[in-house]
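One structure is given here, and the rest of the page talks about it.
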Amino acid sequence: MEETSILKIESLSKHFGALKAADNVSFEVKKGEIVGLIGPNGAGKTTITNLVTGALTKTDGKVIFKNIDISNLKPYQIARKGLTRTFQVVKPLVGMTVEENILVGSLYGKLGRNTNIKNASQRAKEIIKLVGLDKKKDFLVSDITLPDLKRMEFARVLAMEPEVVFLDEVMAGLNPAEVDEESRLVKKVRDEKELTIVYIEHIMKAVMGISDRIIVLHHGKKIVEGSPQEVANDPAVIEAYLGKRYAKEVKNEEAISTPG
Amino acid sequence: MFINGKTNKIFLAVCLIILIFLPKFIPGYGIRILTAIFMYAVIAQGINLMSGYMGYLPFGNAMFFGIGAYITAIMMGKGITFLLAMFLGGIVSILVSTLFGLPVLRLRGHYFAIATIGVSGALLSIVQNTTEITGGAMGTTLPIIDAPPKVTYSYFYWGMLALMVVVTLVISYIMKTKFGYGIRSIKANEEAADSMGINTTQHKVVTWVISAFFTSLAGSIYAYWMSFIAPDEVFNVMIAVHAIVILLIGGMGTILGPIIGAFIIELLSEVTWSTFLEYHLAVMGIATIIIVFFMPKGVVGTFSEIRKRGEIKRRKKVTI
Amino acid sequence: MLINALLIGGLYALMGIGFSLQWGISGIINLSYGAMVILGSYLSLTMFDFLNIDPFISIVISAAILFFLGAAIYRGILQPLIKGGIIITLILTFAVRLVLENIMLVVWSANYRTIRLSYAGYSFQVGNAYVPLIRFLTFIIAIAVIYAVYRFMMGTKIGKGIQAVALDREGAEAVGIDVEKMYLINFALGSALAGGAGALWASIYSFSPHLVGIIVGKVFIIAILGGLGNIWGAAAGGLVLGIAETTGAVFLGSEWQEAIGMAIMVIVLVWKPYGLLGKKFFK
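Chains as they are written, first to last, in my numbering: chain D, 3 to 262; chain A, -18 to 301; chain E, 25 to 307.
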């Protein structure tokens, strides 16, 4: 039997009146992959995330997770099945500590049905160690820095024992050193926990080094799909990020440099 | 609240024992005031659970008080015993909160609060206008217990006291369970809670049901205690406003806040009534403003803050 | 009968706008609003009794006094605790209501009063209906004031500042607008509208401190119907409430008046949470 995809997105669309935030987007994600989802601001990356996780209702399309049609499920149901996400603008549970935040993830995630506080607490502590937050675990979320908040959200999602994680712009607001550190952490976690990750970014550099495959969105549509190399050199992608003029220049350069 | 949990528990146990035996030593007047304090503490706890812990303010919670009161009155009028009538009132409140909870709990913050007032007001009008069953706007009576006044007052005193203790213990227990974490997460960040696998609708409705149930029981006891109730008395938004003031003064989101708040407000009210009759309202108003100014987290909340900050300071010194 | 409903609707509209602005823009649910309205009534009454000033003229003075009172309350009591959240400010306004109510009870007593104008009995005929002169004047003034407020919000620097703050607080701050001052002026304006509405109320209805709660109930509904902070929405809400109450009283009996208001409010909330006109802010 061929390698099955753990997540299939078919013709996903979201229209806000005349605005097509997502327009007939389809792609598949295989188990264990890190798939980069990139595109300029407003391309529809977060919209797709919201549609897949049930936070936004679809205008059209289907989402199939582990061969189950989850298109009409509520966010909490999808989360409990093992499909989770972090938020572009972090959403910490305000008023609680870092440890408590992660504990809640552990209590309500995939194993939520059969968890008591003691077991969940144990798992939470392990996750905290894995991501390196144990020095800060008793701090209130209002007292920690943005990179730590992002890491905490990542930890919170991990505590849910997910199978697929949508990391939505986890690198936003981090400096290059922090970006490297986070990338390493994501890879390490993916390897140890056998996760599948959809990695949403609009910073090219962050995604290139870490993704097995990349999907590019623009104006709500999927324009390119391929390896990091292919995508980086694709004129359509360059045009989307840098505009038509630059793309033309690149084309002309190529025409000149390729032997006649 | 104090040095450690154990001292706290012993202190509270002692207070409870004192309260149980108090009716022997104080006049009927004092018993009645304390009964009212316990009653408001229960109502405030109901609101505390919804608002202090979950972040949804049920302004119209008084409707469950009214339901409890009226179902009890009607049932006892048909010969049913008090306890059964009270229980039936609770059931009706559970049904109403479930029925209205599903649509109304989807509304954000203020809108939820107002919708509950709307439902409460509608219920008030219905009761006022179904005169055959409820006695209409003129009110209805309940059977009077055949016993000397101080004895009957004592019964209601113990009833309310028991209810207050039970609701406090129940809430205390809930907040330590997984469900309790869910409730707190809803207040902390509902969207995040949704994404983490928490069935927020279920949590919200169940919480309101619990809140409604206990408020209803308080209404039942009140009706039997007063022997006479009228719609605009028991379905009054002011009951909730009063309870909210108590909750705020005592401390939202704390276990003992509603109780402490009830003591403070009711005793203050009694004192100002007898001393400043004409300026009673203004004094209460000014006192409320002053307390809120100096202790915005309420009495219990402020002490709790002070203790927590002390702990964090000590911990920071150790880790760094 | 419909005309009566409309005329009352106009007054309700004026009353409702102040409350709606305070809630929608300044973020304060002002439970002392009813007290402010009635205070406006009493001030006009006093000026009429002692200084012989016609309430349709003294409305300006009542409104001005309430403007400064509102500003003082906001600056002194509410502003320091705004960060505490809407519940805290709500309870504070409740406390303010108690104080105001008490003051009015002591100064003017609980008896129902009204302003009896010499021209109270006049009415003129429009088609089949008789339009009482005073109600008509009230309606005209109410509409005029509402329009004036609208022009203020759209046309003046302060008005636009308030609008800006309502739409995007941080953006307004970034552009250099004194956000706190805008909230203050907005709140004071709301109080002034309350006072003005009270002055108009005084010559049509009788009033006493006991009405403060009922009025808050009405403006609550109007604000919800119209969408918080929306001037024309509140105006529409006022008209709807006026019509609903009048027709309800005729067809169902006056006991159902409250219920109708409530029912409309709940329906609007569940169906169109942003108010009948659909948008939260001025359009």
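Just so it is clear, CB atoms sit at the ideal spot from N, CA and C, and this is done for glycine as well.
Opposite residue i in the DSSP bridges: which residues?
{"i": "residue 220 of chain D", "result": "D:223"}
{"i": "residue 156 of chain E", "result": "E:147"}
{"i": "residue 65 of chain E", "result": "Paired residue(s): none; residue 65 of chain E is not in a bridge."}
{"i": "residue 223 of chain A", "result": "None, per the DSSP bridge assignment."}
{"i": "residue 87 of chain D", "result": "D:168"}
{"i": "residue 128 of chain A", "result": "Bridge partners of residue 128 of chain A: none, in fact."}
{"i": "residue 142 of chain D", "result": "D:99"}
{"i": "residue 184 of chain A", "result": "For residue 184 of chain A, which the question treats as bridged, DSSP gives no partner whatsoever."}
{"i": "residue 201 of chain D", "result": "D:38, D:169"}
{"i": "residue 228 of chain D", "result": "D:216"}
{"i": "residue 12 of chain D", "result": "D:64"}
{"i": "residue 30 of chain D", "result": "D:10"}
{"i": "residue 209 of chain A", "result": "A:122"}
{"i": "residue 71 of chain D", "result": "D:66"}
{"i": "residue 152 of chain D", "result": "Beta-bridge pairing links residue 152 of chain D to no other residue."}
Can you pull the chain A neighbours of residue i, defined as C-beta to C-beta under 7 angstroms?
{"i": "residue 109 of chain D", "result": "159, 162"}
{"i": "residue 106 of chain D", "result": "162, 166, 177"}
{"i": "residue 108 of chain E", "result": "277"}
{"i": "residue 101 of chain E", "result": "270"}
Compare the C-alpha of residue i against each of the options and name the closest.
{"i": "residue 309 of chain E", "options": "E:56, E:138, E:94, E:41", "result": "The structure shown does not extend to residue 309 of chain E, since chain E is modelled only from 25 through 307, so no value can be given for it."}
{"i": "residue 245 of chain A", "options": "A:72, A:166, A:279, A:-4", "result": "A:279"}
{"i": "residue 6 of chain D", "options": "D:18, D:19, D:100, D:29", "result": "D:29"}
{"i": "residue 16 of chain A", "options": "A:1, A:28, A:29, A:253", "result": "A:1"}
{"i": "residue 18 of chain A", "options": "A:267, A:223, A:176", "result": "A:223"}
{"i": "residue 167 of chain E", "options": "E:27, E:38, E:26, E:29", "result": "E:38"}
{"i": "residue 182 of chain A", "options": "D:40, D:183, D:78", "result": "D:78"}
{"i": "residue 320 of chain A", "options": "A:249, A:205, A:97, A:268", "result": "One cannot answer for residue 320 of chain A here, as it falls past the ends of chain A, which runs -18 to 301."}
{"i": "residue 206 of chain E", "options": "E:96, E:184, E:41, E:86", "result": "E:184"}
{"i": "residue 56 of chain E", "options": "E:213, E:75, E:239, E:194", "result": "E:239"}
{"i": "residue 303 of chain D", "options": "D:150, D:136, D:69", "result": "A query on residue 303 of chain D cannot be resolved here, the shown segment of chain D reaching from 3 to 262 and no further."}
{"i": "residue 171 of chain A", "options": "A:36, A:241, A:26, A:288", "result": "A:36"}
{"i": "residue 12 of chain A", "options": "A:134, A:23, A:122, A:20", "result": "A:134"}
{"i": "residue 41 of chain E", "options": "E:284, E:275, E:285, E:262", "result": "E:262"}
{"i": "residue 243 of chain E", "options": "E:53, E:75, E:26", "result": "E:53"}
{"i": "residue 206 of chain D", "options": "D:230, D:58, D:199, D:110", "result": "D:230"}
{"i": "residue 50 of chain A", "options": "A:39, A:283, A:193", "result": "A:193"}
{"i": "residue 241 of chain E", "options": "A:95, A:14, A:239", "result": "A:95"}
What residues from chain E crowd round residue i, counting only those whose CB sits closer than 8 angstroms?
{"i": "residue 269 of chain A", "result": "115, 116, 118, 119, 122"}
{"i": "residue 34 of chain A", "result": "Those within 8 angstroms of residue 34 of chain A in chain E number zero; the least Cβ separation is about 13 angstroms."}
{"i": "residue 20 of chain A", "result": "Under the 8 angstroms cutoff, chain E gives no residues; its nearest Cβ is about 20 angstroms from residue 20 of chain A."}
{"i": "residue 95 of chain A", "result": "244, 248, 289, 293"}
{"i": "residue 229 of chain A", "result": "111, 112, 115"}
{"i": "residue 99 of chain A", "result": "286, 287, 289, 290, 293"}
If the cut is a Cβ gap below 9 angstroms, which residues of chain E does residue i touch?
{"i": "residue 225 of chain A", "result": "111, 114, 115, 118"}
Since residue i meets chain A, which of its residues come closer than 8 angstroms, beta carbon to beta carbon?
{"i": "residue 220 of chain E", "result": "Residues of chain A passing the Cβ test: none, with the nearest at roughly 24 angstroms."}
{"i": "residue 52 of chain E", "result": "Ordered by position in chain A, no residue passes the 8 angstroms Cβ test against residue 52 of chain E, which lies about 11 angstroms from the chain."}
{"i": "residue 77 of chain D", "result": "175, 176"}
{"i": "residue 162 of chain D", "result": "177, 178"}
Counting only Cβ pairs nearer than 9 angstroms, list the residues of chain A close to residue i.
{"i": "residue 34 of chain E", "result": "Neighbours of residue 34 of chain E on chain A: none; closest Cβ ~24 angstroms, over 9 angstroms."}
{"i": "residue 105 of chain E", "result": "273, 274, 277"}
Hey, is residue i close to the ligand NAD, as in C-beta under 7 angstroms from one of its heavy atoms?
{"i": "residue 163 of chain E", "result": "The ligand NAD is not part of the structure shown, which contains no ligands of any sort."}
Next on the checklist: Three or more C-beta pairs under 8 angstroms: does that hold for the region 135 to 147 of chain D against the region 164 to 171 of chain D?
Outcome noted: Verdict: no, contact absent.
Item to check | Meets three-Cβ-pair contact criterion under 8 angstroms: the region 4 to 12 of chain A and the region 213 to 232 of chain A | outcome: No, the region 4 to 12 of chain A is not in contact with the region 213 to 232 of chain A.
Item to check | the region 62 to 72 of chain E contacting the region 210 to 228 of chain E, beta-carbon criterion three pairs below 8 angstroms | outcome: Taking a contact to require three or more Cβ pairs closer than 8 angstroms, the region 62 to 72 of chain E and the region 210 to 228 of chain E qualify as touching.
Checklist entry - In the region 162 to 190 of chain A, which residues sit with their C-beta less than 8 angstroms from some C-beta in chain D, listed in chain order? => result Among the residues of the region 162 to 190 of chain A, those with a Cβ less than 8 angstroms away from any Cβ of chain D are 162, 163, 165, 166, 168, 169, 170, 172, 173, 174, 175, 176, 177, 178, 179, 180, 181, in the order of the chain.
Checklist entry - Which residues, taken in chain order from the region 126 to 144 of chain E, show a beta carbon closer than 8 angstroms to some beta carbon of chain A? => result Cβ contacts with chain A: 126, 127, 129, 130.
Next on the checklist: What are the residues in the region 82 to 102 of chain D lying within 8 angstroms of chain A by C-beta distance?
Outcome noted: Legend: CB atoms of the region 82 to 102 of chain D lying less than 8 angstroms from CB atoms of chain A belong to residues 82, 86, 87, 89, 93, 94, 95, 96, 97, 98, 102.
Checklist entry - When you check each C-beta in the region 115 to 129 of chain D against every C-beta of chain A, which residues fall closer than 8 angstroms? => result From the region 115 to 129 of chain D, only 117, 118, 119, 122 have a Cβ closer than 8 angstroms to chain A.
Next on the checklist: If contact is defined by three or more beta carbon pairs under 8 angstroms, each pair taking one atom from either stretch, is the region 99 to 119 of chain D in contact with the region 142 to 151 of chain A?
Outcome noted: As far as the Cβ criterion goes, the region 142 to 151 of chain A does not touch the region 99 to 119 of chain D, which means the pair count is below three.
Next on the checklist: Using a Cβ-Cβ cutoff of 7 angstroms, what residues of the region 248 to 265 of chain A are near chain E? List them in chain order.
Outcome noted: The region 248 to 265 of chain A vs chain E, Cβ under 7 angstroms: 259, 260, 262, 263, 265.
Item to check | Residues within the region 206 to 224 of chain A neighbouring chain E, beta-carbon criterion of under 7 angstroms | outcome: Among the residues of the region 206 to 224 of chain A, those with a Cβ less than 7 angstroms away from any Cβ of chain E are 222, in the order of the chain.
Next on the checklist: Counting only Cβ-Cβ distances shorter than 9 angstroms, please list the residues of the region 29 to 57 of chain A near chain E, keeping chain order.
Outcome noted: Under the 9 angstroms Cβ criterion, the region 29 to 57 of chain A contributes 32, 38.
Next on the checklist: Between the region 111 to 126 of chain A and the region 40 to 60 of chain A, can you find at least three pairs of beta-carbon atoms closer than 8 angstroms?
Outcome noted: They touch, by the three-pair rule.
Next on the checklist: Against chain A, which members of the region 48 to 63 of chain D pass a CB distance test of less than 9 angstroms?
Outcome noted: Flagged, chain order: 55, 56, 57.
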